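For our numbering, count along the sequence shown from 1 and bump the result up by 25. Using N, Cα and C, we set each Cβ at its ideal position, and we do this for glycine too. None of these values were measured; they are calculated from a predicted model. Written below as structure tokens is the structure these notes are about.
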Amino acid sequence: MPPIKAASSASAAALLERSGYSTSFVGFGSGATNVFEVAAAAKAGVACKELDPDVVLILRKLSKKDPQTREKALRELLVCLKEKDREMLEICYNHFATLMDKLIVDGSPTVRMLSLRVTSFFISSLKKAAEKQLKVVMPMVLIATCDTSLSVSNQAEAVLSENFPGEKASQAESIFAADTANLAIDIIAGRHALVQSQKYDCEDSPEQRVSRLTVQCLLVIARLAQSASNNTQFKEVLESFFKQTAVIKNLTKGIPAVKSALLGICLKATDCVPLLLDTPLASWIISNLDSADSSICTKAFEAFTVLLSNERFYSKFDVQKSVVPKLLSVVRRKEVHWRHASKFFLPSYAVLVPHVNDQAKFIKSFLESFIDNLPFEIGGSMSFWAESFAECVKFTYSNKETVAETTDLNIVEVLLQSVELVREESSDCQETITSLLLWLLERNVLPLENTTFLLDSLQLNLMNKRPQSDTTCVLLVASASWSLREFHGALLRVPPLHPDFVKPLLTCTDEYLEHIDKSVNLLSALGKESRPSLVFAQVVLRILRRNPDKVKELNLLSSSLTPLILTEISSVDWPMISSSLGIELIPCLKKIIAQWEKEKNHPAICKVLGMIEVAERGEVLSALLNDSCSIQFISELLNTLELPEDLTAECSRISFHSLFNNDVSDEEIDSVLQTLSRFPPCELLVRDALLSYLDESMSSKPYSLASLNRIGLVCSQLLYSDSRYCALLPSQDELLTMLTDFDTYVTNDVLAKYGLFGEPFHNEKEPPGSEEHLLTSLEKSARRALIYLSIDCEDKAHDVSLAYAAAVFPIAQMFYDTRWRCDVIPEVISDTINRWHQTFQSWNEPEKKVAWFWALHSDCSELKLGSLEQWITRFHFESEFNFLSQIYEHIQSDASEWEDSIFNASSLDSSSWRISALCLLAALNHIDEVTLPSLPPELLDFIMCGAVTALDSCDERMDPKGENPAQLESLAGLALMLFNECDKLSCHNYGNSFDTEWPNFFLPTMARIIVRWFTFLKADSRPTFFVRSLVDALLRIKQLPDELALKTKLCPELDKFGYDPIRQTLIIHAEDLLPSDSVFIRFAALHMLRILSPIMYKQENGQWMEEEKVSSTGPRHLVIPDTLARMIDTATGWPSIMAFDAALMPLSTRVVAVRCQAFLLLDSNLLVSTIIEEDDHRFQ
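This is the structure:
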């Protein structure tokens, strides 16, 4: 028996299909299974075409109770529709048009908004094909434009603007206005099915739904009444709506929002008064004039003013009993409604006055009601109050009929209260009230006694409340009204004076100014002010121009107004001012212009200087001009005034100097260059500009690559602007001077590295300064190089500056490869090296070596070289081995002139020392682990004996004081370098004479000389080539050689321990050198102490045991050598640490590790306690 399958509607449908029955009306795939689809089919009256299954599934979700499900379905529908073809899209549109009305009034605002978005998609996609459903769609879209939800109304507006752009939107509204109004009226009357909520829609209650849709439909009718006013069909629909009295009366009983919306429609009608009077709306309007709802309040007042303009209103309502009391109440109550009602008070008041019985009483009550119940409960309303009050008072006193009825009104008291009320309010409020006062005074509408009382009261009240009342006072006197002249004079008599009190005197009439001046004596009053204003000076000048004799009343020399007066004078005024000052003119100008310069008031300076003679300008400016002056000021002086020659030159100097001191921004450089083109600096100033800048910046400013790059940019612009600025670039003499100065420090290093002989070998030039001076000079040259490398210039003069920069690079590299190899490279040097590489990295190899290329390929056949020059040339262009071999063969020949002088320091004045130096250098470059075994015995012997001969002969001529010629130190240093290299190679066997002769002869012989030369070192010795080579060689010596011969030094403290003179000398000298500032000297001293340390331990501990200071059976302890102990305890810093290192060196590793705390404390007593007996055997 086959398995029983579960029941399935799909399988049932399939069975019916196979049986020949149609399933279009029952299947889930049909277009009539959803509640919306059924409704659509019923409305269409025809069988609908089949929808796609995915659309059907989405449409089912639109009847779900959960609003989020409906929202999701609409979003899915929108995505799904974008994938459909036009035919299916049109089918879906026809279905959607029949159900969209329910969606657009759905309780969920999001559903309403999304349904409008789907509608817009249909219309924009189908275009003309969408027209057949617009009669159904458009009324709902228009109704949606007045939706209470802003997102929904905005989306409805978007449907119109996107699909009916421009004027087409208005045309669409007009076309569908009647249909929309009919639909809206049916909904308002409750006759349409949409009023009833759908079973699935539970977002709002039935009452809420009815209210929402009613308000929405009333608003859309009001909207259409304005946009479709010429549509005859719409007018007919609207008239029929107003005839539905039952509906209208029902609306008048609705909620305020409904009444307000209905009122909006009524106001759009041609003659709405009968409609309003025949319904409860009129009473509702009057009662809602003070509504807190802005919309209701505004609509009520709009309708109120319409009613007041119609005589039928007065026949139905008793104005005295129902209208006037309510209007007065609205004005008296200072609540939130004022913000919206205030603009309607004047039209309501103006229309109502003729219709009241007792006009005088009404006017008095109405205007006084403005003052009642102030201040407002809510801030920010006084501006509305002031505007409305001023309008109503002006209206009252603009009409003869109303003015006649103001006899009982105490307007002065009301005005004074209004002034007091706004005194602490915004300036706009105060300006409104003061404008009202000025209007009343200028119109002269008040009785004389009232005007007099008003002015007296204002003066008394405002003067007593200064400075709080200053703003009101300023507004009152601003127009210089003749009626307020006495009040203005009273203000000016009481200091301090506000500048705005005085400002009206600049524009007032001459008669007004004369009256005030007589009343106050303005020159005296303004001159006494401690804080003068420019306005004061302008008023003083106006008075003086009218009456020049009054200048005698001013003490211009001491008055604080004088600087301000001078800024305002013209050439016409100058004779009056200058004659008043007389001989004090120049001292006075000096003082004032110095003050202006501090204030950066440069236009005033130039203006005043332009009024005096050229010579007097120099006298005034001579003490003022300096490098701190603003470059804008200097440029203005040069460009606007004629100055004395010396002053012009000084201004030019300051302008030029400012370019190098960051006083000028990048945007101002062009302006300064234009000034300098007219007033160029002298050549000497240009030539010294960079050096002056570098000297100043190195002494007062930290290094900055950006600043140097900026100077390079400035130089580039100067060079581009004028050829005279080529003096900024270095000359060949400056380049040679720089090279020569540095050459005195590195002559021997150049020889040792390149085999080149510098000029100082000939002239024996002494180094110009200390190591600090050398470093400063190098950094200064590096900064110059960075500036030169930053210059963009195609002039050939720039070649020398590039050569200067290119020369600094190898010099700096040489120093930090040799004498400063233990120091950190400063940032300026590293930046120079990096910039050099960046600048020249683009050179091709032939360009980079253009000089060598020329030298190698030139025809030198006619060039005759002497013997020495030929040998030097061979050194540079032949291999080291060939050069040494040829030298050896030449010396062995009978024709050799160097047989007795080669390697001999006694021949330094001859050419042989150069050959000796080149031989040692060639040996250094040739000998290594590979070449040494294959070196011919005679050549090896020649080299080794040459090194010993060089050291020995140099030793004979070596000055213990260190004052040796460059040639001697060069020869000795090269020999020491060769010793150092040979000692490194001695750790291997080479199967030749070197294996036995080095340890047995060459090493001890040369070591004795090296140790002796150690005693020639001084604590302040420069790290020269010789000193560094000597230190390097000394570090290769592990023990003292025998048969040392030294100039001895003796020390009683060491003598008592039995030290021989040689060791005493070495200990004393090492102790003297250890505190040296030079790292080379310190390490030489340390190395000697490390060599001597085991000897010292043995010597002093042996002496201690001989004196029987310890028991022969007790524990044994070592004592630290006296010299080392003293240095550990008394010295500080590196000397103490190095002495400690020398003291630890002979001890076992375990002892040093266990007692390393002694190192931290640097205490010799603690160190003594750590040296245990097991170490005694080292020294026995």
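Contact check between the stretch 446-463 and the stretch 490-505: three or more CB pairs, one atom from each, fall below 8 angstroms, which counts as touching. Two segments are said to touch when three or more pairs of C-beta atoms, one from each, lie closer than 8 angstroms; by this definition the stretch 819-832 does not touch the stretch 768-779. Using a Cβ-Cβ distance cut-off of 8 angstroms, the stretch 358-366 and the stretch 376-386 are not in contact, since fewer than three pairs of beta carbons, one from each stretch, lie closer than that value. According to the DSSP assignment, H951 belongs to the alpha helix (DSSP H) that extends over 937-951.
Residues P92, E228 of the same chain have their beta carbon placed closer than 6 angstroms to that of S133, with the five preceding and five following residues left out of the count.
Here the C-alpha atom of H217 lies approximately 5 angstroms from the C-alpha atom of D211.
Secondary structure of W1038 (DSSP, three-state): helix.
Residue state for K153 is assigned as helix, using DSSP reduced to three classes.
When secondary structure is reduced to three states using DSSP, E115 falls in the helix class. Within the stretch 763-818, complete beta strand (DSSP E) segments of at least 3 residues are not found at all. Per DSSP, the continuous alpha helix (DSSP H) segment holding Y537 begins and ends at 535-545. The Cβ-Cβ distance between L244 and C171 falls below 8 angstroms.
Annotation: A1044 to L1098 spans about 5 angstroms, alpha carbon to alpha carbon.
Within the stretch 176-248, not a single complete beta strand (DSSP E) segment reaches 3 residues in length. In the DSSP annotation of this structure, the continuous segment of the alpha helix (DSSP H) that includes S741 starts and ends at 730-746. Contact annotation, M1121 with L1091: C-beta distance approximately 10 angstroms; criterion of less than 8 angstroms not satisfied. The three-state secondary structure of T432, taken from DSSP, is coil. Within the model, the alpha-carbon separation for T135 versus A317 is close to 30 angstroms. V283 sits close to S236, with the two beta carbons spaced by under 8 angstroms.
Between the stretch 1063-1072 and the stretch 1002-1011 there are fewer than three inter-stretch CB-CB distances shorter than 8 angstroms, so the stretches are not counted as touching. Membership of G998 in the alpha helix (DSSP H) is indicated by the continuous run 991-1010. Apart from the 5 residues on each side of it in sequence, S660 sits with its Cβ closer than 8 angstroms to the Cβ of S680, S696, V697, T700 in its chain, given in chain order.
Uninterrupted alpha helix (DSSP H) stretches at least 4 residues long and entirely within the stretch 519-598 occur at 524-527, 535-545, 547-552, 559-571, 587-593, given in chain order. With fewer than 16 other CB atoms across the displayed protein chains lying within 10 angstroms of its CB, K425 is exposed.
In the three-state reduction of the DSSP assignment, Q269 falls in the coil class. By the Cβ-count criterion, V519 is exposed, with fewer than 16 other Cβ atoms from all chains shown falling within 10 Å of its own Cβ. The way I'd put it, the stretch 100-112 doesn't touch the stretch 198-215; fewer than three beta-carbon pairs between them come closer than 8 angstroms. Taking every protein chain shown into account, the CB of E115 has 16 or more other CB atoms within 10 angstroms, so this residue is buried.
Judged by their CB atoms, A505 and P529 are nearer to each other than the 8 angstroms cut-off.
The three-state secondary structure of F121, taken from DSSP, is helix.
L662 is the residue among L662, I637, E667 whose C-alpha sits nearest the C-alpha of L649. Cβ-Cβ distances below 8 angstroms link L582 to L606, E609, C613 in the same chain, with the five nearest sequence neighbours on each side left out; the list follows chain order. Apart from sequence neighbours up to five positions away, the residues of its chain that approach L139 with a beta-carbon distance below 7 angstroms are E96, L99, R100, ordered along the chain. When secondary structure is reduced to three states using DSSP, Y1015 falls in the coil class, being assigned neither helix nor strand. Rounded to whole angstroms, V973 and A1164 show a C-alpha spacing of 33 angstroms.
In terms of Cβ geometry, L1117 and S1054 do not form a close pair [threshold 8 angstroms].
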